[in-house]
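Chains as they are written, first to last, in UniProt numbering: chain A, 1 to 571; chain B, 1 to 487. Note that CB positions come from ideal geometry on N, CA and C, so glycine has one too.
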Amino acid sequence: MFLRRVYAHSLKSRGFHDLRTYQDDPRWPGWQVIVGIETHAQIKSRRKLFSGSFTSGVDDPPNTNVSPFDAAFPGTLPKVNSKCVDLAIRTALALKSSISLRSSFDRKHYFYSDQPLGYQITQQYCAYVVLLFINIPMLIAANMPAPIATNGLLEIETPQNSPIQVRIKQIQLEQDTAKSTFNPRIQKSHIDLNRAGTGLMEIVSEPDLRSPEEAGAYVRTLQSVLRAVGSSDGNMEQGSLRCDVNVSVNRKGDPPGIRCEIKNLNSVKFMMAAIIHEIKRQTEFLNANPGATVPQETRGFDENTFETFRLRSKEDAPDYRYMPDPNLGALVLSQARIEEIKKNLPPLPWEIRSRLLNKYPSLRAKGKSLDVLLNVNNGREVGFDGEDSGGAVEYFERLCQTPVRDGNRGPERDPVVLLNWLTHELLGQLATRKETFTDNPLSSSQFGELVDLVQDGTITGTSGKHLLRHMLSNPSSRRPREIATEFQLIALTTSSSSPSTALADSSATSELEILCRSAIADLPSEVAALRAGNKNVLNKIVGHVMRKSRGRADATATRALVEKLVIQDEQ
Amino acid sequence: MRVNVATKWTNISHLQTQISRYSTHVQCRQAIANKNSSVNAFVHVSGAPSQLGKDLPLSGLTVAIKDNIATSRMPTTCSSAMLKGNSLNVHSVHGPVKNPVGLLQMNDPVEERSAGGSSGGSAAAVSAGMCDAALGTDTGGSVRLPASYCGVVGLKPSYGLISRWGVVSYADSLDCVGVLASDVHTTKQLFDHIALYDELDPTSAPNEIREQASRHLAEKAFSTDSSLSILKGLRIGVPQEYFPSEISPIITQHVRGVISQLKNHGAIIIPVSLPSTSYALSSYYVLASAEASSNLARYDGVQYGSYVKPPLGTDLTKTSKIYAHSRTANFGQEVQKRILLGTYALSADAFDNYFLQAQRIRQLIRNDFNRVFDIPSYFSDSPDHRHANTDQGVDVLIHPSAIRTAPLLSESKSHNSSLDAYLQDVLTVPASLGGLPALSIPIARVKDDGAGSKDEKQWPIGVSVVGQWGTDQLILSVGEAIESLQQ
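Structure representation (structure tokens):
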């Protein structure tokens, strides 16, 4: 995005070029691909970065969350929203970055209709630092970083390799622009200032990625980190996460090539496609022009053709005339504030995983289901200003707590069973209803009791699934036991000494027997075959009973009872 | 720039005062009606207030507001076509503010003089008796120069004491709201009520720093028995660099007169040197223009202000090409010149040699001031500079406010003299770069041989008192003493 810096960035890459050992890729044999990514993540704060106005969702009507500052009215001044700073600190901590106790804001000037001030307030200029002196910015020392954080690290899992470490060059705070929509028919631009001034974190990776797949894994991992710490909802479809990608290619053993930047990629799929096209384009260029270097360019991506196209060359790069913002001075952070944020930092996905495995060792065998749970947890609604909105993991952990009812502790709940019910049944049924976990109307105590009812044999597994479906379609605060009784889902048992004595009374006992007897009466030829020794027909009789019981009958008990009754009749 | 007028109401416990205040207000309206057509100071006059005598501290004070400070009821146009101002400043077609001092002397008509800028409207309004006090803004001398030219008191407070929320930014790191009035007492009265912390201004000095500054001042234990008693033992520095060759000899003469009067009343006069002063003007123009080029980028005619529709055939895909028409038509020539200067100073090729260099000079200027003042700078990272200074420092500095009396209007209009116009600021910009408080007090009216021998009129000259950051009350007290010495 910023040619001055990125140029230095690519020179620097020569130094650490061999951090990654070369691996041949059959798609482009003999070529090494180097990728670095700048991510713009919208900060999930209630209010904008410098004005008191609220941030906007996709449904807000245009120009409804706008303060005079957002519209660049004369006489207005910026004021840093400390919530945005806190969320940037969270991100920096999660990305193991060193946080600058003093950072500064700069103005980046360019005229565009989506930027009413005529400049963007960002944290770009690195040549010197501005300090607070009578609140007047003043020049003091060289070579201190302007961004709020630098030198971070993100470990990503890739399908092909062991986990790789991606270095984070810097994290900087900046303003988002307004939305401008050009209507070619009437030759007019419509400007929506709702987004103008929303806080962004620009997260810049070092060029440590070596394939489109690694780039995809990096963005997905970064997305999950941002969501986990609550600093951004990382929603690429809605534009709260955008990527600019720097791609260069070089022949094996050669120094890195000249990079091109592809701007504004708004999905992982498009980003990977853009990198693949760019590799193809650059290698073809170098093959066709031996000895030449790829012209440094800023490029766009066409989502219809899956190809990149030239936006401007290095020579056309605008001069942004960076200037320290004279109103904001230095952003000074205390170590105590950073420690406080560190103490309350929400856990990262891999931390949650190891914590759960520690707490419930039996889940070690359920790796896949645990991944499903963690993914769902990461997909939860990200709360404003870093407030926790409660996710699937929290729900699961509440489920695992054995409830105390009427002063009595119930039987221990089994985390494996709960995880199965949660990931297979609850999430499965929500999926069929085209709903997500956030739509789940069952409280953890309702769902926990439902699983308990199945586990203690009060209802059968089949009835449990019926009951869950009913409770999803008819949300209420009623207890599952109550609903099960009302719908006569209580399991039919063979004797009156049922484990769930309160409701499974003796009438239920006889009911299963009545059902079995009527099946025997309804299916005389099958009964005759059974008596003749054909055990296979027993399944048919049991199935009949099961159907008639609407899932309340337990198959094993029914089988035993039918067999017993048939033999009794013989005698 | 011309001004708006507003009247604020206060509690004046004494009935007679209230009546006299009220009659002042009526007199002001009368004065505006009689004189504004010739002085050209006001762009808007508010209606008569609906109620009088509310129990408020500034009750009855008629205050003019510079047209770059937003008010709740009056238009804010900066007297610029860009903000649909129907009036324009000295550099534009509507005509400049005329120095009322000349207009009110019943001599033969001579060439009209300027009230100075950019708070010339505020100074002229006070000088002509059209208001009791006025708010102006001072970036490099815009309150102090007009005050000196129009013969009124002008205060540029320490940077960050008065909120800039509502002030149209020119150069944020230098802009200060200033107060103009006919005497120091009224200046102080208004200043005391508006110099308050404002959380809406990120550069507003926090309360603890204000308190620290007043504690430092209290430790000095200046006598306040009478207006002159402050002078006993007061260490007044006279910076040698503030008497450049361009200065009019008659001004030097009068300032010397004031200095000997101060000495006679017990002040200790100490010659000091502020060696970086000669670089101040260049530094100031680079920094102020750079910040102005940035701050004026927002005037594109889209969200507010005047919009000029681009002619047919304009390349609509380039935003800057569309904005260029509004900006070309509505910015005055001087504004355009400064935007271009500032844009150049920030460009990648010039940044190090201009903007950064100017910042370094700004620091040298600050160091100069910190070296001579006895009171330390509360914001300095190295608090030991006071001890590094073996000699006892000075409490305040005194120097002429301007190198000349009010210039002829014809001079300020002519383009080839614009460098001379910049030179007028040479004595005022160092305090701006340092963020220091400075007060200009009228000391004499003189016949000026410099501007043309035919002029028989008497033109005001002013002297400036400059203090360390946060010593605004001290310089006001010294100003009051100087004022009483003139009577």
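Boundaries of the beta strand (DSSP E) in which L419 of chain A is found, first to last residue: Not the beta strand (DSSP E): L419 of chain A falls in the alpha helix (DSSP H), residues 415-420.
Cβ of N327 of chain A within 7 angstroms of any chain B Cβ: yes
To be precise: take each residue of the region 318-338 of chain B, compare its Cβ to all Cβ atoms of chain A, and keep it if any distance is under 7 angstroms. Which residues remain? T319, S320, Y323
Determine, using beta carbons only, whether E291 of chain B comes closer than 7 angstroms to chain A. yes
Decide if S525 of chain A is buried, meaning its Cβ has at least 16 other Cβ atoms within 10 Å, or exposed. exposed
For K540 of chain A, which three-state DSSP category applies? helix
Taking only beta-carbon atoms, is P116 of chain A less than 7 angstroms away from chain B? yes
What's the call for H190 of chain A, buried or exposed, on a 16-neighbour Cβ count within 10 Å? exposed
Presumed contact (8 angstroms Cβ cut-off) between R46 of chain A and F384 of chain A, rounded CB distance: 4 angstroms
Can you list, in chain order, the residues of its chain with a C-beta nearer than 7 angstroms to that of L467 of chain A? Leave out the 5 residues immediately preceding and following it. L450, I459, P480, I483, A484, L489
Identify whether C84 of chain A lies in helix, strand or coil by the three-state DSSP scheme. helix
Cβ atoms of I275 of chain A and A217 of chain A: under 7 angstroms apart, would you say? no
For K465 of chain A, three-class secondary structure by DSSP: helix
Chain A contact for L217 of chain B (CB, 7 angstroms cutoff): no
For L357 of chain A and E206 of chain A, what's the separation of their Cα atoms in angstroms? 33 angstroms
I'd like to check one pair, S273 of chain B with Q303 of chain B: are the Cβ atoms closer than 7 angstroms? no
Would L364 of chain B and S276 of chain B qualify as a contact pair, given that the criterion is a beta-carbon distance under 7 angstroms? yes
Less than 7 angstroms separating the beta-carbons of A81 of chain B and V97 of chain B? no
Where I492 of chain A sits in the DSSP three-state scheme: Note that residue 492 of chain A is Leu in the sequence shown, not Ile. Strand, per DSSP.
F191 of chain B: first and last residue of the uninterrupted alpha helix (DSSP H) it sits in: 184-194
Looking only at its own chain, which residues have a Cβ that is under 7 angstroms from the Cβ of L363 of chain A, when we skip the five neighbours before and after it? L356, L357, L370, P415, V416, L419
Would you grab the beta carbon distance between L436 of chain B and S214 of chain B for me? Rounded to a whole angstrom, and I think it's under 8 angstroms. About 16 angstroms; that fails the 8 angstroms criterion.
Under three-state DSSP, which class holds R107 of chain A? strand
For G60 of chain B, the first and last residue of its enclosing beta strand (DSSP E): Neither: G60 of chain B is in no beta strand (DSSP E) and is coded neither H nor E.
List the residues that DSSP assigns as beta-bridge partners of P460 of chain B. B:R445
Run down chain B in chain order and give the residues with a C-beta less than 9 angstroms from the C-beta of S45 of chain A. The contacting residues do not exist; S45 of chain A stays about 18 angstroms from chain B at best.
Straight-line gap, residue 502 of chain B to T187 of chain B (C-alpha atoms, nearest Å): Residue numbering for chain B in the displayed model covers 1 to 487; residue 502 of chain B lies beyond these limits and cannot be assessed.
So for Q424 of chain B, helix, strand or coil by DSSP? helix
When you compare only the Cα positions, how much space is there between A196 of chain A and V184 of chain B? 45 angstroms
Three-state secondary structure (DSSP) at K179 of chain A? strand
With 16 other CB atoms within 10 Å as the buried threshold, where does S473 of chain A fall? exposed
So, at 6 angstroms on beta carbons, what are the nonlocal neighbours of I162 of chain B in its own chain, with the 5 sequence-adjacent residues on each side left out? V177, I194, A195
Just the Cα atoms here: how many angstroms apart are N65 of chain A and S313 of chain A? 37 angstroms
Pull out every residue of the region 72-92 of chain A whose Cβ sits closer than 9 angstroms to any Cβ of chain B, in chain order. A72, F73, P74, G75, T76, L77, P78, K79, V80
Please state whether the Cβ-Cβ distance between G391 of chain A and N377 of chain A is less than 7 angstroms. yes
Who pairs with V33 of chain A in a beta bridge, going by DSSP? A:V249
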